[in-house]
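Participant: First the structure, which I've put down as structure tokens, then a few questions once you've had a look.
Residue numbers (the numbering used here): 3 to 603.
Right, dumping it as structure tokens:
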């Protein structure tokens, strides 16, 4: 009887990162930035103001939770056009400012996704935010609609039916014709499930609805204007708020930036895939190529691929795996099968970390040996051990779509498929993915397939009050836009385009590595903190340098080397860190399809 294959990809579509009722142009109005400087900003439209302002200010009945935080839940309108109609439960968590006497207000956080838990990132905030920020702000996290501790979206009536629908998504991305056929079929099944069983919540999960929820909760915590820090997809949420409520912004910083126009797909771009608009694969390929070029310059003593041509070696591994996966036997794991898609996915996963270059070149060197029949026994044994360790790590991190019901994929799709325009037919994605791979090698397919369930013929649920733009409103306070040159997920050009769109914004660039820049560079972290606290903007044209650079010696006091824990249980057990303790990287929720999805039998 053949052994059952269990994929560590789980549902490999978990997504790329990647809006609706138009706000009519309004006359400009004098406003204050929150630091006392008079400015002229656009106003919240009468229609949008009516939607949110007629909702009574919620009474947040806080209670102690998770050792050092406070929690609350609140019922908010499912449809803001029906304030007395059905509601959805929203979960909120805050960590109170250390210095209540000098407290400025509340800082709302969002970690990305879509589908990331705001309550998780708020609880983790003491581990990654600057001490002065923690002194002066209550840190507030909101679980968006359908997500985390809020009322959860559920696209299938049972785990069994969900598992059957997801069957074809159990790869990082499809490579063979059979895999493509199965992926399309599952994408269609998921689209239909979320458009029927998932309703009515899937029809009310657009980013615009989350921005409305955040405005009501801003009022509930007593802030006259919003202070916000959003990472990755959280940058899209920040742009929605800035454009829907431009006169209600005190300070708004976005890091790892999606261009909201490209996210939605406005004008002629409506029929393109979201990857064709966002070009995440371009950012990933640029980062990969730069690491391999630096490897060659650094030499074999610090980079094993430098014994040959690193770029050619990477392509050779890819070529061999396209032709035939590698199967290795491990005494603990059994048979480990590594496909081309696994290799690309693990490479992208490595690029998300400032230290990922080390894993990237190590995995490539090991697979160079394992895919070569002429390799010696000792070299193969050593390489097998390295790949097996990666497989073990992938298994530990694998997303389980078994008991209890896991809606992680559905939270991502519930937002993205509702916000954005997508191609009509899921069956068009094999051709779209192949074209993207020609343009942006290795990663084009991976990023394109992530939104195949959003095909409009099968994802038919709509949010009539989604916000489609425009995204060029002048805000009461300047928006700080942070872009990372080597971000493999949110292409640096997304930050550049967003800063051009927003007339009252400042672009801060950084030569940093990994996804998002806060915490990777003392320059970036200091600039963001100063902006949030005092409204001080970095000089126009400022470019920071990442503290960690591939194959270079670390500075005496390097930036954080690991991400903060995102598990509430682990954070509560560890307790809040004291002032002055070393910082970690923010637990950004990466919209990344099945990182390290090696298959174990």
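Note that the Cβ used here is the ideal one computed from N, Cα and C, for glycine as well.
Would you kindly work out how many angstroms separate the C-alpha atoms of residue 607 and residue 492, rounded to a whole number?
Facilitator: Residue 607 lies beyond the stretch modelled for the chain, which goes from 3 to 603, so this question has no answer here.
Participant: Is it true that the region 221 to 239 meets the region 405 to 413, where meeting means three or more beta-carbon pairs spaced less than 8 Å apart?
Facilitator: no
Participant: Name the residue from 520, 540 and 535 whose alpha carbon lies nearest to the alpha carbon of residue 548.
Facilitator: What you label residue 548 is simply residue 546 of the chain shown in a count that begins at 1. For the residues 520, 540 and 535, the minimum Cα distance to residue 548 belongs to 520.
Participant: Which same chain residues end up closer than 7 Å to residue 56 when comparing Cβ atoms and leaving out the 5 residues on each side of it in sequence?
Facilitator: Within the chain shown, numbered from 1, the residue matching residue 56 stands at position 54. For residue 56, where only same-chain residues beyond five positions count, the Cβ hits under 7 Å are 85.
Participant: Kindly list the residues whose CB is nearer than 8 Å to the CB of residue 499, restricted to its own chain and excluding five residues on each side of it in sequence; keep chain order.
Facilitator: Mapped onto the chain shown, residue 499 falls at position 497. Excluding residues within five positions, the ones whose Cβ falls inside 8 Å are 261, 263 and 264.
Participant: What does the alpha-carbon distance come out to for the pair residue 530 and residue 181?
Facilitator: Sequence index remark: in the chain shown, residue 530 carries index 528 (1-based). Sequence index remark: in the chain shown, residue 181 carries index 179 (1-based). So the alpha carbons of these two residues sit roughly 44 Å apart.
Participant: With 16 as the cutoff for other CB atoms within 10 Å, does residue 542 come out buried or exposed?
Facilitator: Taking the chain shown and counting its residues from 1, the one referred to as residue 542 is at position 540. Residue 542 comes out exposed.
Participant: Would you mind stating whether residue 103 and residue 91 have Cβ atoms separated by less than 8 Å?
Facilitator: By one-based count along the chain shown, residue 103 stands at place 101. By one-based count along the chain shown, residue 91 stands at place 89. No; because the gap between Cβ atoms is not below 8 Å, this pair is not in contact.
Participant: Let me know the secondary structure DSSP gives residue 25 once reduced to three states.
Facilitator: Counting from 1 along the chain shown, the entry for residue 25 is found at position 23. The predicted model places residue 25 with a pLDDT of 31, which falls under 50 and marks its position as unreliable, so this point remains unresolved.
Participant: Could you check the C-alpha separation between residue 188 and residue 163 for me, to the nearest Å?
Facilitator: In the chain shown, the residue the question calls residue 188 occupies position 186. In the chain shown, the residue the question calls residue 163 occupies position 161. Straight-line Cα distance between these residues: approximately 12 Å.
Participant: Smallest Cα separation from residue 70: which of 572, 385 and 287?
Facilitator: By 1-based counting over the chain shown, the position of residue 70 is 68. Ranking the options by Cα distance to residue 70, first place goes to 572.
Participant: Of the residues 183, 253 and 527, which one's Cα is nearest the Cα of residue 479?
Facilitator: Taking the chain shown and counting its residues from 1, one reaches residue 479 at position 477. Nearest C-alpha to residue 479 among 183, 253 and 527: 253.
Participant: Span of the alpha helix (DSSP H) holding residue 305?
Facilitator: The residue you call residue 305 lines up with position 303 of the chain shown. Premise fails: residue 305 is in no alpha helix (DSSP H) and is neither H nor E.
Participant: May I ask you to verify whether the region 104 to 117 touches the region 582 to 592, counting CB pairs closer than 8 Å and requiring at least 3?
Facilitator: yes
Participant: What whole-angstrom Cβ distance do residue 418 and residue 453 have, given they're in contact under 8 Å?
Facilitator: As a working mapping, residue 418 is identified with position 416 in the chain shown. As a working mapping, residue 453 is identified with position 451 in the chain shown. So it is a contact: roughly 6 Å between Cβ atoms.
Participant: From the DSSP output, in three-state form, read off residue 85 for me.
Facilitator: Counting from 1 along the chain shown, the entry for residue 85 is found at position 83. Of the three classes helix, strand and coil, the one that applies to residue 85 here is coil, per DSSP.
Participant: Do residue 142 and residue 223 come within 8 Å of each other at the CB atom, strictly closer than that value?
Facilitator: Locating residue 223 in the chain shown gives position 221, where the first residue counts as 1. Locating residue 142 in the chain shown gives position 140, where the first residue counts as 1. Yes, Cβ-Cβ distance for residue 223 and residue 142 is below 8 Å.
Participant: Identify, in the order they occur along the chain, each residue of the same chain with its Cβ nearer than 6 Å to the Cβ of residue 34, setting aside the five sequence neighbours on each side.
Facilitator: Taking the chain shown and counting its residues from 1, the one referred to as residue 34 is at position 32. With a pLDDT of 37 at residue 34, under the threshold of 50, the modelled position of that residue is not reliable, and the figure given next carries that caveat. The answer is none, since no qualifying residue turns up.
Participant: Between the C-alpha atoms of residue 151 and residue 93, what's the straight-line distance to the nearest angstrom?
Facilitator: Within the chain shown, the letter at position 149 stands for residue 151. Within the chain shown, the letter at position 91 stands for residue 93. So the alpha carbons of these two residues sit roughly 6 Å apart.
Participant: CB of residue 427 to nearest heavy atom of the ligand NAP: below 7 Å?
Facilitator: Ligands in the displayed structure: none, and consequently the ligand NAP is not present.
Participant: Closest by CA to residue 175, which one among 533, 446, 408 and 507?
Facilitator: Here residue 175 refers to the residue found at position 173 of the chain shown. If we check each option's Cα against that of residue 175, 446 comes out closest.
Participant: Output yes or no for whether 8 Å exceeds the beta carbon distance between residue 258 and residue 408.
Facilitator: Here residue 258 refers to the residue found at position 256 when the chain shown is read from its first residue. Here residue 408 refers to the residue found at position 406 when the chain shown is read from its first residue. Between residue 258 and residue 408, the gap from beta carbon to beta carbon reaches 8 Å or more.
Participant: If you drop the 5 nearest sequence neighbours on each side, which residues of the same chain put their C-beta closer than 7 Å to that of residue 80?
Facilitator: As a first step, residue 80 must be located in the chain shown, where it is residue number 78. Hits under 7 Å: 87, 88, 89, 90, 202 and 206.
Participant: Where do the ends of the alpha helix (DSSP H) carrying residue 461 lie?
Facilitator: Taking the first residue of the chain shown as position 1, residue 461 is located at position 459. No alpha helix (DSSP H) holds residue 461; DSSP gives it neither H nor E.
Participant: Helix, strand or coil: how does DSSP classify residue 65 here?
Facilitator: Translated into positions along the chain shown, residue 65 becomes position 63. Here residue 65 sits in strand by DSSP.
Participant: Which same chain residues, not among the five before or five after residue 440, have their C-beta less than 8 Å away from its C-beta?
Facilitator: Here residue 440 corresponds to residue number 438 of the chain shown, with the count starting at 1. Contacts found: 446.
Participant: Alpha carbon to alpha carbon, how far is residue 58 from residue 82?
Facilitator: For the purposes of this step, residue 58 is identified with residue 56 of the chain shown, where counting begins at 1. For the purposes of this step, residue 82 is identified with residue 80 of the chain shown, where counting begins at 1. So the two alpha carbons sit approximately 12 Å from each other.
Participant: Does the pairing of the region 509 to 525 with the region 366 to 384 give three or more beta-carbon distances under 8 Å?
Facilitator: no
Participant: In terms of alpha-carbon separation, which member of 245, 336 and 351 lies closest to residue 343?
Facilitator: The count along the chain shown starts at 1 and reaches residue 343 at position 341. Among 245, 336 and 351, the Cα nearest to that of residue 343 is on 351.
Participant: Classify residue 301 as buried or exposed, calling it buried when 16 or more other Cβ atoms lie within 10 Å of its own Cβ.
Facilitator: The sequence position of residue 301 within the chain shown is 299, counting from 1. Classification for residue 301: exposed.
Participant: Measure the alpha-carbon distance for residue 140 versus residue 508 and round it to whole angstroms.
Facilitator: For this step, residue 140 is matched to residue 138 along the chain shown. For this step, residue 508 is matched to residue 506 along the chain shown. Their Cα atoms are separated by approximately 25 Å.
Participant: Is residue 95 near residue 125, with beta carbons less than 8 Å apart?
Facilitator: If you number the chain shown from 1, residue 95 lands on position 93. If you number the chain shown from 1, residue 125 lands on position 123. Yes. Within cutoff.
Participant: Is residue 533 helix, strand or coil by DSSP?
Facilitator: Here residue 533 is taken as the residue at index 531 of the chain shown, counted from 1. If DSSP states are grouped into helix, strand and coil, residue 533 belongs with the helices.
Participant: Only counting the same chain, and skipping five residues up and downstream in sequence, which positions put a Cβ closer than 7 Å to that of residue 319?
Facilitator: Counted from its first residue, the chain shown places residue 319 at position 317. Correct list, in chain order: 345, 366, 369, 370 and 373.
Participant: Could you tell me which whole alpha helix (DSSP H) segments of length 4 or greater appear in the region 342 to 368?
Facilitator: Listed in chain order, they are 342 to 353.
Participant: What does the Cβ neighbour count give for residue 285, buried or exposed, with the cut at 16 atoms within 10 Å?
Facilitator: Within the chain shown, numbered from 1, the residue matching residue 285 stands at position 283. Classification of residue 285: buried, given that the 10 Å Cβ count is 16 or more.
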